[in-house]
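Student: Please read through the structure below; I'll follow up with questions.
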Amino acid sequence: MRDPGQQLDLLHMQTSRLAPVLYRDLALYLQVLRQELLPATRNAVLQLLVHQAPSAYLERSDAGRRSFHRFLERAIQRCGSLLTVEQLLALASVVEAEQRAEWLRQARRVVVEATEVRPPAPVQNGSVELSMQPPLDSPWIASGFTDPGSSSSQPGEETAAVVPMPARGDLPMLDAFLQLAAQPSERPAGASSGGEPAEPEDSEQHPGGSGEINDASFSLLVETGHLLPRQPQHLLAWWERLEQALSRRLRNLSHAVNTELMRSRFSTSLLPLSLLQAVLDGQVEPQAARANLLTLSVPVPSPQGGTLLETQALLLRPADLEETLPRLRQCRQRLEERRRQLRRMARQHRYWSGRARTMEVEQAWARDVAQTSRPRP
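In the numbering used here, the protein residues as written are 25 to 401.
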């Protein structure tokens, strides 16, 4: 039988060898993206103008049209300088801090709502009251069915309600939730005061987030000179954060171009940044559209009632760019091969980690049985 410890060491060694290769493939993907981003964006904007407002573009002066094209070049050049592995890792830490802050805000709200004492609703005469409160107003019932004569439930004393603590596996970081519920809210670096995600151009210089590293979550501020994650599942998570940062960067570029389209009077509508993010997260189902374009039916209030207005906007997405750019698609195929390798290694790592833990429990059990079975002097 193979030793689980040796198998885990072998997997860590294979992951350490694969990490630099993955880094180079990611760097090549981003290099091709930087080279092809300007023509791809120009083509998408052209399709948007042809479908949405062809006359608006022709009616603008030559100076106005040239001004828009200069803006497009500057915006893509600025975005391209941020499309590197290092810059995306810094942005990924900002995204992670925002997600953590939102997660803790929701957890704090749940805890506050669960512990909030609401006054009982008035009961009308002749009605039946249905509630979760005990049917008898007795201190020994409220204190957890203790002895009525015990000192912990003297008449006149307030007894605290006992809230059962869920298992740690059912609600992770429950103790942290309860601590944070009693603390004032703190906004992490990189989060805006209005609750909206901060712009990466401003927040990249302040990555924010904690640098804590543990078995379940590791810091994203990793460079090639430092040790990349040695466990395959951690390297997969590291990669996933990088992909999220890339989508965020392209989303911000799309919003900037959409804003300039409206300012230049080439477009009459502007989709908010939160709606673009909802589409990327799969919370909003868009209609069929060309690559790198977004078509939505937005409800518009009117005196006759709500109506749906079809609106289009630019939304650059990695999958759409790969569909239209053969070189980028080849880089993605190579990356997907790396992903399959890592997923296979992650399954093996989970299996051998479970085997190692089982052997530890069996050995500890055998030692305890041997010690308790010894004859006492």
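Idealized CB from N, CA, C, for every residue including glycine.
1) Can you grab the Cα-Cα spacing for the pair Glu347 / Ala315, in whole Å?
2) Specify, as a first and last residue, the run of the alpha helix (DSSP H) that Gln336 falls within.
3) On the criterion of 16 or more Cβ atoms from any shown chain inside 10 Å, does Ala68 qualify as buried, or is it exposed?
4) Going straight from the alpha carbon of Glu137 to that of Ala131, what length do you get?
5) Extract the residue ranges of the alpha helix (DSSP H) inside the stretch 332-396, only unbroken runs of 4 or more that lie entirely within it.
6) According to DSSP, simplified to helix, strand and coil, what is Gly29?
7) Measuring only the C-alpha atoms, how far is Ala370 from Arg129?
8) Do Phe290 and Ala80 come within 8 Å of each other at the CB atom, strictly closer than that value?
9) Please say whether Leu339 and Leu317 have beta carbons closer to each other than 8 Å?
10) Note down the Cα distance separating Pro224 from Ile100, rounded to an integer number of angstroms.
11) Give me, in chain order, the residues of the same chain whose beta-carbon lies closer than 6 Å to that of Cys103; leave out the 5 immediate sequence neighbours on both sides.
12) If I follow the unbroken alpha helix (DSSP H) through Pro323, where does it start and stop?
13) Rounded to whole angstroms, what is the Cα-Cα separation between Ser243 and Trp127?
14) Can you have a look at Ser280 and say buried or exposed, based on whether 16 or more other CB atoms are within 10 angstroms of its CB?
15) DSSP beta-bridge partners for Gln311?
16) Looking at Arg341: is its Cβ nearer than 8 Å to the Cβ of Leu300?
17) How long is the line joining the alpha carbons of Gln357 and Leu113, rounded to whole angstroms?
18) Do Leu57 and Leu96 count as a contact pair if the criterion is CB distance below 8 Å?
19) Can you tell me which of Ala380, Val385, Glu361 puts its alpha carbon nearest to the alpha carbon of Val7?
20) So is Ala337 buried or exposed if we call it buried at 16+ other beta carbons inside 10 Å?
21) Please classify Gly104: does DSSP put it in a helix, a strand, or coil?
22) Would you call the CB atoms of Leu320 and Gln311 closer than 8 Å?
23) Just verifying my parser: in three-state terms, what is the DSSP assignment at Gln38?
24) Does any residue of chain C have a CB that is nearer than 8 Å to the CB of Met37?
25) When the Cα atoms are used, what is the spatial distance from Ala77 to Leu34?
26) In the DSSP assignment, find the unbroken alpha helix (DSSP H) run with Leu259 in it and report its ends.
27) Within 10 Å of its beta-carbon, does Trp263 have 16 or more other beta-carbons around it, so buried, or fewer, so exposed?
28) Using the Cβ count rule (16 or more neighbours within 10 Å means buried), how would you classify Val322?
29) According to DSSP, simplified to helix, strand and coil, what is Arg98?
30) Please state whether DSSP places Ser79 in a helix, a strand or coil.
31) Can you tell me the Cα-Cα spacing of Glu110 and Arg48, whole angstroms?
Tutor: In short, the structure shows the following:
1) In the sequence shown, counting from the first residue as 1, residue 347 sits at position 323. In the sequence shown, counting from the first residue as 1, residue 315 sits at position 291. If I take the Cα positions, the gap works out to 8 Å.
2) In the sequence shown, the residue the question calls residue 336 occupies position 312. Where Gln336 is concerned, there is no enclosing alpha helix (DSSP H), although the beta strand (DSSP E) it sits in stretches over 331-338.
3) Here residue 68 refers to the residue found at position 44 when the sequence shown is read from its first residue. Looking at its Cβ environment, which holds 16 or more other Cβ atoms inside 10 Å, Ala68 is buried.
4) For this step, residue 137 is matched to residue 113 along the sequence shown. For this step, residue 131 is matched to residue 107 along the sequence shown. Computed Cα separation, rounded: 10 Å.
5) 342-348
6) Stepping through the sequence shown from its first residue, residue 29 is reached at position 5. Helix at Gly29.
7) Numbered from its first residue, the sequence shown carries residue 370 at position 346. Numbered from its first residue, the sequence shown carries residue 129 at position 105. Straight-line Cα distance between these residues: approximately 32 Å.
8) Translated into positions along the sequence shown, residue 80 becomes position 56. Translated into positions along the sequence shown, residue 290 becomes position 266. Yes; because the gap between Cβ atoms is below 8 Å, this pair is in contact.
9) To locate residue 317, count along the sequence shown from 1; it is residue 293. To locate residue 339, count along the sequence shown from 1; it is residue 315. Their beta carbons are under 8 Å apart, which means Leu317 touches Leu339 by this criterion.
10) Indexing the sequence shown from 1 puts residue 224 at position 200. Indexing the sequence shown from 1 puts residue 100 at position 76. Note that Pro224 has pLDDT 39, beneath the 50 cutoff, so the model's placement of it is unreliable and the number below is only indicative. If you take the alpha carbons of Pro224 and Ile100, they lie about 15 Å apart.
11) Sequence index remark: in the sequence shown, residue 103 carries index 79 (1-based). Closer than 6 Å at Cβ, skipping near neighbours: Leu277.
12) The sequence position of residue 323 within the sequence shown is 299, counting from 1. No alpha helix (DSSP H) holds Pro323; the beta strand (DSSP E) holding it covers 317-324.
13) The count along the sequence shown starts at 1 and reaches residue 243 at position 219. The count along the sequence shown starts at 1 and reaches residue 127 at position 103. Any reading at Ser243 must be qualified, since the residue scores a pLDDT of 40, below 50, and its modelled position is unreliable; no value is offered.
14) As a position in the sequence shown, residue 280 is number 256, starting the count at 1. The sequence given here places Ala at residue 280; Ser does not occur at that position. Result: buried.
15) Along the sequence shown, read from residue 1 onward, the residue named residue 311 stands at position 287. Paired residue(s): Thr319.
16) As a working note, residue 341 is residue 317 in the sequence shown. As a working note, residue 300 is residue 276 in the sequence shown. The answer is no: Cβ separation not under 8 Å.
17) Here residue 357 is taken as the residue at index 333 of the sequence shown, counted from 1. Here residue 113 is taken as the residue at index 89 of the sequence shown, counted from 1. The alpha-carbon atoms of Gln357 and Leu113 are separated by roughly 22 Å.
18) On the sequence shown, position 72 is the one that residue 96 refers to. On the sequence shown, position 33 is the one that residue 57 refers to. Not closer than 8 Å, so no.
19) The structure shown does not extend to residue 7, since the chain spans only 25 to 401, so no value can be given for it.
20) Here residue 337 refers to the residue found at position 313 when the sequence shown is read from its first residue. Result: buried.
21) The residue given as residue 104 occupies position 80 in the sequence shown. DSSP places Gly104 in helix when its eight states are reduced to three.
22) Position 296 of the sequence shown holds residue 320. Position 287 of the sequence shown holds residue 311. It is a contact, given that the beta carbons lie within the stated cut-off.
23) Position 14 of the sequence shown, counted from the start, is the residue given in the question as residue 38. In the structure shown, Gln38 sits in a helix (DSSP, three-state: H, G or I).
24) In the displayed structure, chain C is absent; only one protein chain is listed.
25) Residue numbering aside, residue 77 sits at position 53 when the sequence shown is read from its first letter. Residue numbering aside, residue 34 sits at position 10 when the sequence shown is read from its first letter. Going by the C-alpha atoms only, they are around 60 Å apart.
26) Reading the sequence shown from its first residue, position 235 is the one you call residue 259. Counting along the chain, the alpha helix (DSSP H) containing Leu259 begins and ends at 256-287.
27) Your numbering for residue 263 matches position 239 in the sequence shown. By the neighbour-count rule (16 or more Cβ atoms within 10 Å), Trp263 is buried.
28) Locating residue 322 in the sequence shown gives position 298, counting from the first residue. Counting Cβ neighbours within 10 Å, Val322 comes out exposed, since fewer than 16 surround it.
29) Against the sequence shown, residue 98 aligns to sequence position 74. Helix at Arg98.
30) Here residue 79 refers to the residue found at position 55 when the sequence shown is read from its first residue. Reduced to three states, the DSSP call for Ser79 is helix.
31) Taking the first residue of the sequence shown as position 1, residue 110 is located at position 86. Taking the first residue of the sequence shown as position 1, residue 48 is located at position 24. In a straight line, the C-alpha of Glu110 is about 12 Å away from that of Arg48.
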